[in-house]
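Colleague: Mind looking over this structure? Questions follow.
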Amino acid sequence: MNASVAGSRYVRQSLSIVLIANAASLFHFGFQWVAAQHLEPASYGSLGALLALLTYLLVPAQAIQLVIARRGVTAWDRGGEPAFASVVRHALRDVAITAAFVTFAGVILSPVLAAQFHLPSESAAASVFVVAGVSYFYFTGLGALQARERYARFGLFHTAVAAGRLVLAGGILVLGGGLAATMIVLAIVPTLLAVVHLRRATVLASGTRPMSASGSILSFLREGSAVGLAIGGFTALLHTDIAFVQHRCGGIGDEGAGVYQAVSSLGRAVLHFPAAMAVVTFSRTARLTARGADPTTLLIRSVVLQLALAITLAVPLALFAPEILALYSGDDRYRLGAPLLRRYVVPMVILGSVLIALNYHVARDHRSDSGKATATTLAPRLPVFIIAIALLAFAASFACGSIASATDRFEVFEGAIDRLTALALALFASFAALTALDRRESHHRRGLEAS
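Numbering-wise (the working numbering), the sequence shown opens with residue 766 and increments by one.
Encoded structure:
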């Protein structure tokens, strides 16, 4: 397949999953709209804290998804469907152990978390861990679909989950149900989809031989921990403001917390485009890497396309911020967040490119057939340290004393957004330098192999 055909195919695949993901985004925003309409700002802020906690807990699940996708690509190329199914089946064992540990630990620690982060109740905190535990199997299914490049079904999975969240969890809110019941309902649709999809892979793998030592649970966890740290750092960059400013430091008022929750929910909509494109970028990069090809052109094409799409959405959000916030919440008090929303979309556009680059470099992380690290395995591990350093810098900037010294509670949010913008630019520059280093090392390795 020549470069022009491969490029056009990539654009078609990316745009198709973006379109399907937009449908999922509409359902997600439908749920947020229902929540904003039927909850007071204080309760809406608490819901945002619970969803942020859930996002943190699902970081290992996202790492598992990418590990399964990366292993699945290699297994399919080398052994076809039976080898691929074996990867999925044995991954389910590791996922079950991880999910059980997360659920058990969360239920035990829920009183501490409820007190530290000012959550509405211990049952609400415990419910988040239950949702996270069962959702791990859903992410396993996504990893299998991503490895096989079944992007339409991947997008439909997301859409079905978002629709289920709107209908079931939104219905609970409309009927006056508590936050704990709302969180539990969020787990129903992902669990059902995972059971239906993964059953076939498990049956196909029933006759395959056991995994080798290299595929043990320790190997799986080691690989997943590196990916999880990188993904976790990026996730924390987006949600640390909610956890630390709103529900740890205090002093900004419940109404301010609700307004900022609406601003961040709308601003992060810009990331829906790169998040969808990253699915295609990761799979294609892993496949090209496994075949010894250079996927740098793919990364450049991905970043340019996502910037165009993200800016297309960010511009109307900035121009019509007061009207969008009022329509979104059904409450004119949320118009106060318009200046924040205009600021917030800027780092989101930049972080969209960072997300694409992060998935690219995680997919590039590979080993030679002998299992020894090669030159190209060293550079792709740098994103782990880059993201970790950025996370520490961002968290350190949220000293609780800054809230007490602020004359206006929104000064805290404005400062947080400005720091996030600076870190986003630094991350973008770091990944650009990392890509150049990775490409130079790849060319050097291929030159040595040719000689």
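Backbone N, C-alpha and C fix where the C-beta goes; we use that ideal spot for every residue, glycine too.
1. Between the C-alpha atoms of A995 and L1123, what's the straight-line distance to the nearest angstrom?
2. Among H793, Q802 and L818, which one has its Cα closest to the Cα of T1000?
3. Return the Cβ separation of T1054 and A1128 in integer angstroms, given the expectation that the two are a contact with Cβ distance under 8 Å.
4. Quick one: complete alpha helix (DSSP H) runs, 4+ long, within the region 1041-1127?
5. Can you check which of these residues, A1079, D842, S888 and V1028, is closest to G1057 by C-alpha distance?
6. Relative to the alpha-carbon of V1044, which residue among L816, Q830, L1190 and F792 has its alpha-carbon at the smallest distance?
7. Grouping DSSP H, G and I as helix and E and B as strand, with all else coil, what is S886?
8. Rounded to whole angstroms, what's the CA-CA distance from L1090 to T1050? Just pull it up for me.
9. With DSSP as the reference, label L1190 as helix, strand or coil.
10. Name the residue from V824, F796, P825 and Q827 whose alpha carbon lies nearest to the alpha carbon of G813.
11. From the DSSP output, in three-state form, read off L1002 for me.
12. Please state if the CB of A909 and the CB of G837 are separated by a distance shorter than 8 Å.
13. Does DSSP put L940 in a helix, a strand or coil?
14. Find the nearest neighbour of L1082 within the set P1104, L1063 and I873, judged by alpha-carbon distance.
15. V853 and I833: beta carbons closer than 8 Å?
16. How many Å lie between M948 and S1207 at the Cα?
17. Which of helix, strand or coil does DSSP assign to I833?
18. Output the distance between the C-alpha atoms of L1188 and L784, rounded to the nearest integer angstrom.
19. Taking the alpha helix (DSSP H) that V926 belongs to, which residues open and close that run?
20. Name the residue from V799, L1084 and R1033 whose alpha carbon lies nearest to the alpha carbon of L940.
21. Nearest to V1068 by CA position, among L1084, M1042 and D1059, is which residue?
22. Identify, in the order they occur along the chain, each residue of the same chain with its Cβ nearer than 7 Å to the Cβ of A716, setting aside the five sequence neighbours on each side.
23. In whole angstroms, what separates the C-alpha of S1133 from that of G942?
24. So what's I1168 in DSSP terms, helix, strand or just coil?
25. On a Cα-Cα basis, can you pick out the residue from F1196, S875, Y1025 and A1034 that is closest to E1303?
26. Taking the alpha-carbon positions, what's the L1063 to M1113 distance?
27. In three-state DSSP terms, what is R1204?
Modeller: Taking the geometry as given:
1. 8 Å
2. L818
3. 6 Å
4. 1061-1084 and 1086-1094
5. D842
6. Q830
7. coil
8. 38 Å
9. helix
10. F796
11. helix
12. yes
13. coil
14. P1104
15. yes
16. 46 Å
17. helix
18. 29 Å
19. Y916 to G929
20. V799
21. M1042
22. Shown here, the chain extends from 766 to 1216; a query on residue 716 therefore has no answer.
23. Any reading at S1133 must be qualified, since the residue scores a pLDDT of 37, below 50, and its modelled position is unreliable; no value is offered.
24. Residue placement at I1168 is flagged as unreliable, the pLDDT there being 45, under the threshold of 50; the coordinate-derived value follows with that caveat. In this structure, I1168 counts as helix in the three-state DSSP scheme.
25. In the structure as shown, the chain begins at 766 and stops at 1216. Residue 1303 is therefore absent and cannot be evaluated.
26. 22 Å
27. helix
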